[in-house]
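Below: the structure, in structure tokens.
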Amino acid sequence: MENKLIKKHLITASITTLMAFSQSGYAATGTVAIQWNEAALQAIRDTHPGPPIVARALAIVDTCMFDAWAAYDAKAKGTRFGQTLRRPRNERTNENKEKAISYAAHACLVDLFPSETPKFNALMENLGYAFDTTSDISKAAGIGNVAAKAVLDYRHHDGSNQLGDLNPGAYSDYTGYTPINTPTSIVDPNHWQPLQVETNTQKYITPHWGNVVPYALKSGSQFRKITPPPADYFTEPERYELQAQQILEYSSHLTDEKKVIAEYWADGPHSELPPGHWALFAAYVSERDHHTIDQDVKLLFALSNAILDASIASWDAKRYYDYVRPVTAIHFLFSGKTVESWQGSIDGADWKPYQAASVVTPPFPEYYSGHSIFSAAGAETLKLFTKSDHFGFSVSIPAGSSRVEPGIVPANDTVLYWATFSDAADEAGVSRRYGGIHFIDGDLVSRKIGRLVGRQAWEKSLKYFNEGHENHESDDHDHSH
């Protein structure tokens, strides 16, 4: 009985916290680092960039904040200047840390989301900071501006094409990707097919992303040599068909809870996309564990850089394998045959994933699963940072709130509860199988790679924190990433 009461209390507390952190508008609570991170999340909700662009934006914001903060810490080293910005002991106050962080975050966000500048200006005003472009490092504002400029200068030439200087258009592809299949014909059933979604034809989001300079990985392809290739229709037809049958099996046995899981994880509670979803979880952990500004800056920095690397590894594999999505494979295999699905008995040619009609399936190839790799890297980082897998978080999904079956699903309010970070990450992964977005290999392989990415990024972050390692003086000016 006592356990039930504790769990009930946890659930109530968690829901309240989620409400505080994921409503639109900035978090009224939390450290300055959490507030700026929420400002970044709101810009993401308002401007809708693709998942890898979200991962990179959060990593840049959190790195700018970390580098500004590091100047006022006794041990930490910035990613661009090492220890050369270190301020004297008498200046290492919370007030200076918060001010430097705010100027760094503001400069960074204006660069990444120029259309949202008035909102970033408003947050500066709310925090009581004046407009100041000084580069005088004897002032906290100067530290923030100088730190942000160095990170931005570095990231402007990281292969993401943010400036549109590698090909016209911000983040546009400069590698000449052309899909093998068209919306109306499946030329090769092993490859991704852009779909006609409502009146638009899907365009692959950032096919060049495997080229982006990672944080800790040696390259986007680092783990590809240990990755088994996905099923090939021509050489392994049984394996290819079996994975499609598994998706139909999920689709025809979706309970309300599984439908809720498929929808909850689809993007994020308010479309922060998967990388932003884990930033919300970090905000919850910050409140749960009563974090200081120092802890939040480190947590956000470690988390978002791990997830950036996950985006690069995932998109490298997506481009390399250019692998088919379940919706295309099922149409190819079962057209003219009756299949069972969440829609009932239908022609295989009419099968749809359990997703909103405006989405159907994401506009990029299947293998690896972004959700699985982002979430595994995020969970691994939170576990390593807190020294425990304990999460104790939940969310309540109101009856009838489905976008796929509005007014019908779920029949009753449904609570999703995760005892551990790993539970949450695993559910994020399997949610894509329930939703008909990923095959089993795309999920499970990506979870493993995500853990490896998370651990490698954590090792690098510890060097910047200057914790748990001998003093790596050689890293002081580490520009090698």
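Numbering (the working numbering), first residue to last: 146 to 626.
Glycine included, each C-beta is placed from N, C-alpha and C at the ideal position.
Along the chain, which unbroken stretches of the beta strand (DSSP E) at least 3 residues long are found entirely within the region 372-397?
List check, beta strand (DSSP E) in window: nothing returned.
Would you check if the distance between the CB atom of S486 and the CB atom of S546 is smaller than 8 angstroms?
no
Taking C-alpha atoms, which residue in K497, S260 and G595 lies nearest to G515?
G595
So, at 7 angstroms on beta carbons, what are the nonlocal neighbours of P196 in its own chain, with the 5 sequence-adjacent residues on each side left out?
Taken in chain order, the residues that qualify are L418, P419, P420, S456 and G515.
Run through DSSP, which three-state label would V598 get?
helix
For a test of the three-state rule: what should DSSP assign to I331, helix, strand or coil?
coil
Proximal residues to L565 (C-beta, below 7 angstroms), its chain only, five neighbours per side dropped
Note that residue 565 is Thr in the sequence shown, not Leu. Closer than 7 angstroms at Cβ, skipping near neighbours: D534, H535 and F536.
What separation, rounded to the nearest whole angstrom, lies between the Cα atoms of T372 and V342?
31 angstroms
Distance check for Q500 and Q488, CA to CA, integer angstroms please.
12 angstroms
Apart from the five residues just before and just after P359, which ones in its own chain have a Cβ nearer than 6 angstroms to its Cβ?
Around P359: D454 and I457.
Option nearest F584 by Cα separation, candidates F479, T473 and A569:
T473
In terms of alpha-carbon separation, which member of P352, P328, I282 and G580 lies closest to T344?
P328
Quick one, which of Q601, I475 and A407 has its alpha-carbon nearest R578's?
For R578, the closest alpha carbon among the candidates Q601, I475 and A407 is that of A407.
Confirm, please, whether the CB-CB distance from S416 to R108 is below 8 angstroms.
Absent from the model: residue 108. The displayed extent of the chain is 146 to 626, so no value can be given.
Contact under 8 angstroms by Cβ, D588 with P375:
No, Cβ-Cβ distance for D588 and P375 is not below 8 angstroms.
How about D434 and T531: are their beta carbons less than 8 angstroms apart?
yes
With a CB to CB cut of under 8 angstroms and the five nearest residues on each side skipped, what residues in its chain are close to P628?
With the chain covering only 146 through 626, there is no way to say anything about residue 628.
Look up E485 in the DSSP assignment and give the residues it is bridged to.
Answer by DSSP bridge pairing, in chain order: S490.
Curious, which full-length beta strand (DSSP E) runs of at least 3 residues does the region 267-305 contain?
When DSSP assignments are scanned along the region 267-305, no uninterrupted stretch of beta strand (DSSP E) that is 3 or more residues long falls wholly within it.
Rounding to the nearest angstrom, what Cα-Cα distance links A172 and A185 in this structure?
Because A172 carries a pLDDT of 44, less than 50, the predicted location of this residue cannot be relied on, and no value is offered for it.
Measuring alpha carbon to alpha carbon, tell me which of V291, N271, W460 and G493 ends up nearest I475.
G493
Measure the beta-carbon distance from A178 to I438 and round it to whole angstroms, keeping in mind my assumption that it falls under 8 angstroms.
6 angstroms
If you compare alpha carbons, which of F211, D318, A202 and H353 is closest to R300?
A202
I need the boundaries of the beta strand (DSSP E) containing T563, first residue and last residue.
This sequence places Trp at residue 563; Thr is not what is there. Where W563 is concerned, the enclosing beta strand (DSSP E) stretches over T559 to T565.
So the beta strand (DSSP E) V540 belongs to, where does it begin and stop?
H535 to I542
Using only alpha-carbon positions, find the residue among D212, P352, L597 and V206 that is nearest to D256.
Minimum Cα distance to D256 is reached at V206.
For a test of the three-state rule: what should DSSP assign to Y468, helix, strand or coil?
strand
Using the C-alpha atoms, what's the distance from K608 back to D377?
Taking the straight line from one Cα to the other gives about 42 angstroms.
Alpha-carbon spacing of L561 relative to P259, whole angstroms:
Taking the straight line joining both Cα atoms gives about 36 angstroms.
State the DSSP-derived secondary structure class of V554, mapped to helix, strand or coil.
coil
Let me know the alpha helix (DSSP H) ranges lying completely inside the region 408-449, each 4 residues or longer, listed in chain order.
If only uninterrupted alpha helix (DSSP H) runs of at least 4 residues are considered, those enclosed by the region 408-449 are 418-433.
Pull up the distance between the alpha-carbon of N326 and that of W410, whole angstroms please.
28 angstroms
From which residue to which residue does the alpha helix (DSSP H) around R190 run?
For R190, the enclosing alpha helix (DSSP H) starts and ends at V177 to T192.
Excluding the 5 residues flanking G309 on each side, which residues of the same chain have their C-beta closer than 7 angstroms to its C-beta?
A315 and S317
Just tell me which of S459, L340, C253 and V549 has its CA closest to the CA of W354.
S459
8 angstroms Cβ cutoff met for L478 and E383
no
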